[in-house]
Structures are given as C-alpha cells and as structure tokens.
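In order, the protein sequences belong to chains D and Z. Start counting the first sequence at 0; every next residue gets the next number (numbering that gives the first Met the number 0). Start counting the second sequence at 0; every next residue gets the next number (numbering that gives the first Met the number 0). No residue lacks a Cβ here, since even glycine has one placed at the ideal position from N, Cα and C. Only one structure is covered here, and it is reproduced in the block below.
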Amino acid sequence: MNPAAFYPTSTDILRFLPELILTIGGVVLLVLEALTGDHKDKSSLGYVSIGVVLAAMFAVPVTLANPGVSFNGMIISDGFAAFFRMVTLLVGLFTLLCSTSYLTREKSNSGEFYLLVLFSLAGQGIMASSNELIMVFLGLEIASISSYVLAGFLKDDKRGSEAALKYFLLGSFATAFFLYGISWIYGVTGATNLSAIRDALAKGTEAPSMVVAAAALMLVGLAFKVSAAPFQAWAPDVYQGAPAPISGFLSAGPKAAAFAIFIRIFQTSFDSLSSRYEPILWALALATMLVGNFSALWQSNVKRMLGYSSIAHAGYVLVAVTTNSNVGTAGAMFYLASYALMNYGAFAAITHIAGRGEKYVTIDDLKGLASKQPVLAALLTVCLLSLTGVPLTAGFFGKFYIFKAAIDHHLYWLSALGLLNSAVAAYYYLRVISAMYMYEPKTTEHPEPVPAGIQLTMWCSAAGILTLGVLPGLVLDYANRFATFVK
Amino acid sequence: MNILAVLLFLPLLGFVAALVLPAAVTKRFVLVFSLLIFGVSLLLIGTVQLRPAAMSWVTDTAWIDTPAIRFHIGLDATSLWLVILTTFLVPVAAYLSQRTILHRPKEFFAYLLLLEFGLIGVFSSLDLFLYYVFWEVVLVPMYFLIGVWGGPNRIYAATKFFVYTMAGSMLMLVAILFIYTKAGTFDLPAILLQMEMGKISFSQTEELALFLAFFLAFAVKVPIFPLHTWLPDAYAEAPTGATLLMAAVLSKMGTYSLLRFNLNLFPRASHDCAPWIVTLAIIGIVYGALVALVQPNMKRLVAYSSISHLGFVVLGLFSGNQFGLDGAVYQMLCHAISTGALFILIGYLEERNKSLEIVDFGGIATPAPNFAAVFLVATLASIGLPLLNNFVGEFLILQGAAQANIWWAAFAALGVVLSACYMLWFYQRTFFGEAKMQMADLAPREWITITPLLVLMLWMGIFTQTWLPGISASNKVLLDRTMSKTVAMEVTK
Numbered sequence: 000m001n002p003a004a005f006y007p008t009s010t011d012i013l014r015f016l017p018e019l020i021l022t023i024g025g026v027v028l029l030v031l032e033a034l035t036g037d038h039k040d041k042s043s044l045g046y047v048s049i050g051v052v053l054a055a056m057f058a059v060p061v062t063l064a065n066p067g068v069s070f071n072g073m074i075i076s077d078g079f080a081a082f083f084r085m086v087t088l089l090v091g092l093f094t095l096l097c098s099t100s101y102l103t104r105e106k107s108n109s110g111e112f113y114l115l116v117l118f119s120l121a122g123q124g125i126m127a128s129s130n131e132l133i134m135v136f137l138g139l140e141i142a143s144i145s146s147y148v149l150a151g152f153l154k155d156d157k158r159g160s161e162a163a164l165k166y167f168l169l170g171s172f173a174t175a176f177f178l179y180g181i182s183w184i185y186g187v188t189g190a191t192n193l194s195a196i197r198d199a200l201a202k203g204t205e206a207p208s209m210v211v212a213a214a215a216l217m218l219v220g221l222a223f224k225v226s227a228a229p230f231q232a233w234a235p236d237v238y239q240g241a242p243a244p245i246s247g248f249l250s251a252g253p254k255a256a257a258f259a260i261f262i263r264i265f266q267t268s269f270d271s272l273s274s275r276y277e278p279i280l281w282a283l284a285l286a287t288m289l290v291g292n293f294s295a296l297w298q299s300n301v302k303r304m305l306g307y308s309s310i311a312h313a314g315y316v317l318v319a320v321t322t323n324s325n326v327g328t329a330g331a332m333f334y335l336a337s338y339a340l341m342n343y344g345a346f347a348a349i350t351h352i353a354g355r356g357e358k359y360v361t362i363d364d365l366k367g368l369a370s371k372q373p374v375l376a377a378l379l380t381v382c383l384l385s386l387t388g389v390p391l392t393a394g395f396f397g398k399f400y401i402f403k404a405a406i407d408h409h410l411y412w413l414s415a416l417g418l419l420n421s422a423v424a425a426y427y428y429l430r431v432i433s434a435m436y437m438y439e440p441k442t443t444e445h446p447e448p449v450p451a452g453i454q455l456t457m458w459c460s461a462a463g464i465l466t467l468g469v470l471p472g473l474v475l476d477y478a479n480r481f482a483t484f485v486k
Numbered sequence: 000m001n002i003l004a005v006l007l008f009l010p011l012l013g014f015v016a017a018l019v020l021p022a023a024v025t026k027r028f029v030l031v032f033s034l035l036i037f038g039v040s041l042l043l044i045g046t047v048q049l050r051p052a053a054m055s056w057v058t059d060t061a062w063i064d065t066p067a068i069r070f071h072i073g074l075d076a077t078s079l080w081l082v083i084l085t086t087f088l089v090p091v092a093a094y095l096s097q098r099t100i101l102h103r104p105k106e107f108f109a110y111l112l113l114l115e116f117g118l119i120g121v122f123s124s125l126d127l128f129l130y131y132v133f134w135e136v137v138l139v140p141m142y143f144l145i146g147v148w149g150g151p152n153r154i155y156a157a158t159k160f161f162v163y164t165m166a167g168s169m170l171m172l173v174a175i176l177f178i179y180t181k182a183g184t185f186d187l188p189a190i191l192l193q194m195e196m197g198k199i200s201f202s203q204t205e206e207l208a209l210f211l212a213f214f215l216a217f218a219v220k221v222p223i224f225p226l227h228t229w230l231p232d233a234y235a236e237a238p239t240g241a242t243l244l245m246a247a248v249l250s251k252m253g254t255y256s257l258l259r260f261n262l263n264l265f266p267r268a269s270h271d272c273a274p275w276i277v278t279l280a281i282i283g284i285v286y287g288a289l290v291a292l293v294q295p296n297m298k299r300l301v302a303y304s305s306i307s308h309l310g311f312v313v314l315g316l317f318s319g320n321q322f323g324l325d326g327a328v329y330q331m332l333c334h335a336i337s338t339g340a341l342f343i344l345i346g347y348l349e350e351r352n353k354s355l356e357i358v359d360f361g362g363i364a365t366p367a368p369n370f371a372a373v374f375l376v377a378t379l380a381s382i383g384l385p386l387l388n389n390f391v392g393e394f395l396i397l398q399g400a401a402q403a404n405i406w407w408a409a410f411a412a413l414g415v416v417l418s419a420c421y422m423l424w425f426y427q428r429t430f431f432g433e434a435k436m437q438m439a440d441l442a443p444r445e446w447i448t449i450t451p452l453l454v455l456m457l458w459m460g461i462f463t464q465t466w467l468p469g470i471s472a473s474n475k476v477l478l479d480r481t482m483s484k485t486v487a488m489e490v491t492k
C-alpha cells in the first residue's frame, strides 16, 4: 500500500470531526481540571463540556456533507452514522445538563466526570461510524471503560461500586466474546472490513460452520451490550446502582450505539446468513420483551423498574432488527431516537426527585408529586405515556413503525405477542403515574426547586416527544432515506 | 370552513386553555365552552339529514407521508347522532360536577374536554390509523377521571380499565397494519372501494383472524360477556360525571365500531360468527340482568343493567337485517339517555346520603315526591315502557332478532322481563316503605340537569321520525353492500 495513504487527508478529518472535537475537548477538560485546583467550584467545567458536546453536534452535519469512508476504510460517514452520532450526543447533552446540579448536590463535582462522559461519547460515535471490526471493538471499549467508571463515580456509595464492578466484569466478558468472534471471522475470511467480509462470505468459504459460530459469538457480545435476554442480568443492577443521570445515559446512549453496530454488522457482513439468524433473533426479541416487562411489574424502585423497562424496549428494537429490512432499520432508528428522549426525560425527573444520596427512589416516594410539583409531574407523565406507547407521543409511532415492519415481513405472531407485551408494560408505567396523581403527598415539606438543567432537559424531551408524536416524518423521513447499507 | 374539523379541534383548544387559565375560572369556562361546542355541533345536523347515507362534512388531507396516513373525517347519520350525543352530555357532566368536584377541579374539567376531543375523533374518523389514535387518546383522560376523583377503590378500577382496553386494542393495531399491507392505505372508504372492485380480498382464515382482532378490542369496550369484568369496578368507582360519560358514550365507542368496522370490512366473517356472538350477547343480557337483581349497590346495579342493555345492541347488530341494525343504533342513543339519567339521579342520592347501598335508603317518595317521580320516569324508560325511548330500540332489536332466528328473540325477551324485576324492585326498596331519613327534593340546578334528558326520553319514545329515517338510510347502504357479499358467498358454496 502507498505509504502516503496513511496520512489522513482533510476530508478524512472532516468525516471524523465530532469524535475529534470530543476527544480534544476531553483532553482540554483534563488540563482545566488540574488548573482549577481542589477548592474551586467545578460546575464551570460542566458548562465547558456542554459547549464541547454542542460543538460536536454541529460537526455532525459536516460529516454528513462529506459522505464516504476515511482512514483507509476504517470509518464510514453516512446518514446512518450521523443519525446515531446525533442521538448519542443528544443523550450526552442531557446527561451533562442534569449532572452539574446532581454532582453539586452529591458533593462530588469534579472535572473527571465530564471528561469521562465526553470520552464515552467519542467511543459511541466511533461505534456508530465504524466500518471495520477492529474499529467497532475500539469504539466499544472506549465507550464501555468510561461507562464503567461513571457507573461507580460516587466512590462512597456501595450500590454504585457494586454496579460498576458488575458492569465491568460482565461487560468485559461480553467484549471478550465479541473479540473472539472477530478473530474467527478474520481467520475464515481474512478481513475485518465489513463489506470485505460480506464479499468473502458471498463467494463461499471452506468453513461455513465456523462463520456461523463466529456470528453467534459476536451476537452474544452484542446482545450483552443491548441487554437482550438471556444476557440482560446486569442491566437492572447497574441502572439501579449507578448515579441517576448516568443510569439514564447508559440506558439510552451506549444502547443506541450498540444497536447501530448490531444492525450494521448483521445487515452488511452477515446478510448471507440472514435466514439462519432470523429465528434466533425472533426468539431473542420475544424473550427480551417478556423478561423486561414481566420483571418490571414487581419493582418498587423506580430506577430498577426503568432498568427492566429498558430491557423490554431493547426487545422492541430487536423485533425491528429481526425483519432485516430497510423499513425495519428505519423503524429501529426512529425508535431509538424517541426512546432516548422519553427515557432520559424519565431519568432526569428521577435525578431530581431522588434527593441527596438518592434516598427517594421508590414508587411510594413519588406519591402526591402532582400536587407538590405539578409541572415536573406533568412532564414525567408525558415521558411515561410515551414509554407506554399512547398515541400522539413519539413512543407510539416508534412501536407503530417497528411492528409495521414486522407485519410487512409476515412476523404476525411476534407482532401480536410484542404488542400484547406493551399492554403489560402499561401496568407498571401507570403505577408511577397513579402514585403521582392519585395519592396524597406523604410529607408536607416544601419541595426543592428543580435545577435549570433538569428543567431544560425535561422540557426538551417532552417537546420532542409530542412533536414526533404528531409529526413523526421529521425524523422518519431522514431514517428512511439513510436506512440502506451498501449491499 | 368545515364545521366538523372545527368541532373536532375546539375541545383540544379548550383543554389547553383550561390548563392555562387560572384555577378559579376553569370550571365555569369548561361549562360555557362545552355548551358552545354543543351549539356548534347542532349546525352539523341539516346537511347530514339531507343525505344521511353519504358522508358529509368530509375533510381529507394528508397527515403523514410514509406510511400514507390521512386526516380523513366525515359523518353519516349514525355517527352524527353519536357526536351530538357526546357534545350534549359533556356540558351535562360539567354542570353536574360544578359542586361535587372540589378536589383539584381545574384538571377534572380540563380532562372532560380532552375526553370530548377523543370521542368526537372516534366517531368521525374515516382513516383506520386516525381512528386508532383517537381510540387510545380517550383512555388517558378517562384513566385520570376515574383514578383521581373516583371512590375508595379508584386506582384499582382505573388501572384495570386502562390495561384491559389497551390489551384489547393492541390486537386491533396488528389487524390494522395487516390490512395496510394488503390495501396500501388506511383509508376506510378507499379500502371498501377496493374490496368492492375485487382488488383486495381476504382468505377465509385471514378474514376470521382480522374480524376477531377487531372484535376483541370492541368487545372489551362495550363490554360483551365474558370481557365485562372491568365495567362494574370502573362505573362504580368513577365520579358521577365520568360514570355518565362512560356509560352513555364510551360504551358506544365499542358498538359503533362493531358497526362501522367489523360489519363493513368483514361481511363474511360477521355472517359466520353471528350465531356465536349473538349467543354471547344473550348470555350477557340474562347474566347482566340476574346480577343486577342481587346487587346491593345502586351504581353497580345500573352498571350490570348496562351490560344487559348493551347485549341487546350487540344482538341487533349481528341479527343482520334492517330492523336489527336500526334498533341497535337507536338503542345506543336511548341507552345513553336513560342510563345516563339513572346515573345522574343516583349521583344526587349519593350526594344527599353519602352512600350507594340500597339498604341505606327507603321511603324517599314521602319527603321528595318530585325526585321520586323523575326517578320513576327514568326507571320506566330503562325497563322499556312504551312511549319512552328504550321501548323503540328494544322493540326493533327483538323484531330483527325474531326475523333472523325466533329463539334469539325468545331468550332476549327474557332480559326485558328481568329488567322490569330488578328495576322495579330497586325502585320499591329505595323510594317506598318507611322513610329512613330526611331528604331534600330536587333543587333547581338538579332540575336543569335532568330536564333535557327527560324531554329526550319522551321525544325519542314518541317522535322517532327525527332520528330513525336517517339512521335507517345509512344502515341500508351497509346492508346492501354486505348482503351482496354474503349472498354471493352462499351461491359459490
């Protein structure tokens, strides 16, 4: 290969701009953290990080204006990547908006938190835009390792440390599976580039069973990352134990990025195996929905309940992945975007309600919220109704598009069972709503005012949910346009 | 300007306004605004009555491009009267709640308007998707109305109501999506046209599965035995205003949808399933009446009588002839008025005595003769006394049922007999005998609420010409289309 090709061109840089901004921003924060010293208020570093994420968001259209592969085909910049970069950055922005007040409240405000969020976002961006199994792995690791630390960021909190350890051990396990799968694929096809693997498999290989085994190993790794049953056990513990803004972050951002590579790998590289993995995904999707929804029914801790609900939602997205079609992919994209809005909105509310040390996180603690803080309760209700899938919210259209794709592909039973599942889900979301609206408050003490960052997050997510609930075309048209991969 | 489109969005506008306005004026505002909506809805009548069988006041614009979802609304005679029933009863509910709802009144009255928005949408949508959206929107305000302002067991009742209805409607969503994959559109008239031209057809199994998916959703809402278990809880726990709307209007969502969708879209399956559904309807008629007979709680008694009366409506719908259908639609309106009046009056009793148990009452006729007289009229209407409204509906239904199968009519008539038993016995225990307490007679505001309903009971019992010709004409279109289908099927067999 021509050595000159190893030097990145300016277009290469433009195609990689969001991650570059995030990484440089993270390093700058690291320096600023050292310069500000121990005694200073670190909230200002939070504002800097918000600026960095906003800059990265503005860089996403730049990548879209320069479509194509860069760095010798390692990174691809297409509409699909741009979409998921935007979704993860939005989740990151929400996280940072909610975190400054949270960290001040928990007396743990420090610059590391913000730069870890930025690094994790950079990793997720790489996942969304990688065109190469090695890059996928790198992105996965960058995103995950930052997340492990974030999950246990409150060092004195036992539950947080437990969550971080669990997340780390199981996460590494999953990554190992994934890496093992990569090595087998490389052994069989001699390639790590996604389309090269596709071409090699299309030509036929000498060891078809090894290809299937490799695909299965990678499936296990990815199923861990998207918390699909039976690999979901870590999710509720982690979401319950991690700091509330981070639980929201983990349940929406890395999950969206993991689904992005899930879809990209299986629809690009393993397209020739689709008839073999479809029944497996079918079962996986159904099991995930069932486990998520039925476990969530019994929870009294809202964070844990949302953890199980996020498993159930992963199941819905898996239904879309099962269809292995452009319509399904577009449905999954729409769903993950609306899920990011509604789930983060819910976690933002919990972040505030939980109070110092996250003491108030059970459904009982939400009792009478509507009479104490009507606006917060109303916004949370919008998020919960969207999670339930009530029409005129984004969540409804998400489900609608996913199940429409499933029915287009004759997955009638999966659709019927999946939708009945969402009627089960209505029960546990309603428990929260009824606690807020239908009980008297337990205490008469005056509620603390909602911090501006959390207010902004909740207004944004509620506005987004209702806008997409009436005009889904705003996002869906985009998703439909870019749901096609090079085949 | 299309009055129907304006009418549909007025309640939504009012809902937003009610949320923004200061709490002190909300309840007055909602009352006045809902009266305004009622006034607007009356403007719709003339045009529809001219051509009752065709769709009037049609608005048809694109809403979402992919998949093609249209904002398509319109009214024929049947849906017109249901829309007007809604706009008529919402101000009634708002007026009678003025004094009784003291806890968080602002939200209560706002939800009434949101509910009205959903209901008008359900009765006027001509696009399957749009229809589904409104169908689900109705759930949210009703959930809050039961759950926040209901009786002691309200949260259980509200959750049961929501989850039951949602589970039912999910299968309907699958069916709607399946129809879309076949027809390429959600537009009901377009789908019917394609079916008529033979462009799309469903195999027998497909049609049966689709029919059942729709049927289940509607059967929960009506409710049809054995899916009725949410009803007594919900009716009994909800505050009077909400019970009124639930019994009078929400139950009609189910029966109206059976007519509009099941009978229209799946004539063969409707024909094949009719004996089974009629059997369930008759079980419902007798079962509802028998349980009503032994209910100690007044609200529950009327709730079970509702199950019985709605069984008649379903019987009429599936008897498959003009009499049955006309009777069913007419009975929908009659049941709304007479049961609505009963729930209102029971609400007044509850206000006076803070109890719903029949044993706590007795001899009311002595201290409150006017109350007793009004209650008697409502009771007799509910029983189906000639000259009062229910008589017409039930008579037509029984005639239609007899035409289809004499045994259906024979068993269903049992329900009429039983209704006389439980209602008169209830009346006797409550209003006659020794007076157990002092009881104020009807106050002027109570007269204002109940008089329009009494007038309607008489009007609908005597001057049926106001309503029936239009309803009949719109049913005839349906029958002509579906009969040709089922007859053709008989021939090919």
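Separation of valine 89 of chain Z from tyrosine 110 of chain Z, as counted between CA atoms:
11 Å
Closest to arginine 158 of chain D by C-alpha separation, out of D:Lys358, D:Phe395 and D:Phe248, would be which residue?
D:Lys358
Alpha carbon to alpha carbon, how far is valine 474 of chain D from leucine 375 of chain Z?
59 Å
Which of the three DSSP states is assigned to histidine 351 of chain D in this structure?
helix
Is DSSP giving lysine 68 of chain Z helix, strand or coil here?
According to the sequence displayed, residue 68 of chain Z carries isoleucine and not lysine. Isoleucine 68 of chain Z falls in the strand class under three-state DSSP.
Give me the residue from Z:Phe108, Z:Phe430 and Z:Thr164 with the minimum Cα distance to valine 358 of chain Z.
Z:Phe430
Beta-bridge pairing of aspartate 126 of chain Z - partner residues as DSSP gives them:
Z:Asp186
Mind checking which residues open and close the alpha helix (DSSP H) that includes aspartate 198 of chain D?
193-202
Residues of the stretch 45-70 of chain Z in Cβ contact with chain D at a cutoff of 7 Å, in chain order, please.
Ile63, Asp64, Thr65 and Pro66
For a cutoff of 8 Å on Cβ pairs, would you count phenylalanine 481 of chain D as touching chain Z?
no
Output the distance between the C-alpha atoms of tyrosine 307 of chain D and alanine 228 of chain D, rounded to the nearest integer angstrom.
11 Å
Would alanine 403 of chain Z pass as an interface residue toward chain D - the criterion being a Cβ-Cβ separation below 8 Å?
no
Cβ shell of alanine 201 of chain D (< 7 Å), same chain only, five flanking positions each side left out
Ser271
Just tell me which of Z:Lys220, Z:Thr239, Z:Ile44 and Z:Phe265 has its CA closest to the CA of threonine 254 of chain Z.
Z:Lys220
Specify the secondary structure class of valine 52 of chain D as computed by DSSP and reduced to three states.
helix
Look at the Cβ atom of glycine 319 of chain Z, then the Cβ atom of alanine 273 of chain Z, and state whether they are nearer than 8 Å.
yes
Out of Z:Phe390, Z:Ala16 and Z:Gly362, which has the shortest C-alpha to C-alpha gap to glutamate 433 of chain Z?
Z:Gly362
In angstroms, rounded to a whole number, what distance separates the CA positions of alanine 234 of chain D and alanine 257 of chain D?
14 Å
Contact set between glutamate 205 of chain Z and chain D, taken where Cβ atoms lie within less than 7 Å:
Result: empty, since nearest Cβ-Cβ is about 10 Å, beyond 7 Å.
Could you check whether the Cβ of glycine 146 of chain Z sits closer than 8 Å to any Cβ belonging to chain D?
yes
Once the 5 residues before and after threonine 380 of chain D are set aside, which same chain residues still bring their CB inside 6 Å of it?
Ile432
For the ligand ADP, I want to know if proline 443 of chain Z counts as a neighbour, meaning its beta carbon is within less than 7 Å of at least one of the ligand's heavy atoms.
For the structure depicted, the ligand ADP is absent and the ligand set is empty, with no information on it obtainable.
Three or more C-beta pairs under 8 Å: does that hold for the stretch 358-369 of chain D against the stretch 424-442 of chain D?
yes
Apart from the five residues on each side of it in sequence, which residues of its chain come closer than 7 Å, Cβ to Cβ, to asparagine 130 of chain D?
Val68, Gly72, Met73, Ile74, Ile75, Asn192 and Leu193
Best match in Z:Tyr234, Z:Ala246 and Z:Met169 for proximity to alanine 212 of chain Z [C-alpha to C-alpha]
Z:Met169
Alpha carbon of aspartate 325 of chain Z to alpha carbon of methionine 438 of chain Z, nearest angstrom:
41 Å
List, in chain order, every chain Z residue whose beta-carbon is nearer than 9 Å to that of methionine 332 of chain D.
Going along chain Z, no residue has its Cβ under 9 Å from methionine 332 of chain D, so there is no contact; the nearest lies around 13 Å.
Do we get a CB-CB distance below 8 Å when we pair valine 277 of chain Z with the residues of chain D?
no
Within 8 Å of chain Z by C-beta, residues of the stretch 187-210 of chain D in sequence order:
none
Anything in the stretch 382-400 of chain D with a Cβ closer than 9 Å to a Cβ of chain Z? List those residues in chain order, please.
Leu384, Thr387, Gly388, Val389, Pro390, Leu391, Phe395, Phe396, Lys398, Phe399 and Tyr400
In the DSSP output, what is aspartate 59 of chain Z paired with across the bridge?
Z:His71
With a threshold of 8 Å between beta-carbons, can phenylalanine 143 of chain Z be considered close to chain D, or not?
yes
Of all the CB atoms in chain D, is at least one closer than 8 Å to the CB of glutamate 115 of chain Z?
no
Three-pair Cβ contact test at 8 Å for the stretch 440-460 of chain D versus the stretch 332-345 of chain D:
yes
Interface residues of the stretch 402-414 of chain D facing chain Z [CB-CB below 8 Å]
Phe402, Lys403, Ile406, Asp407, Tyr411 and Ser414
Nearest CA to the CA of leucine 419 of chain D: which residue from Z:Leu215, Z:Ile145, Z:Leu18 and Z:Asp186?
Z:Leu215
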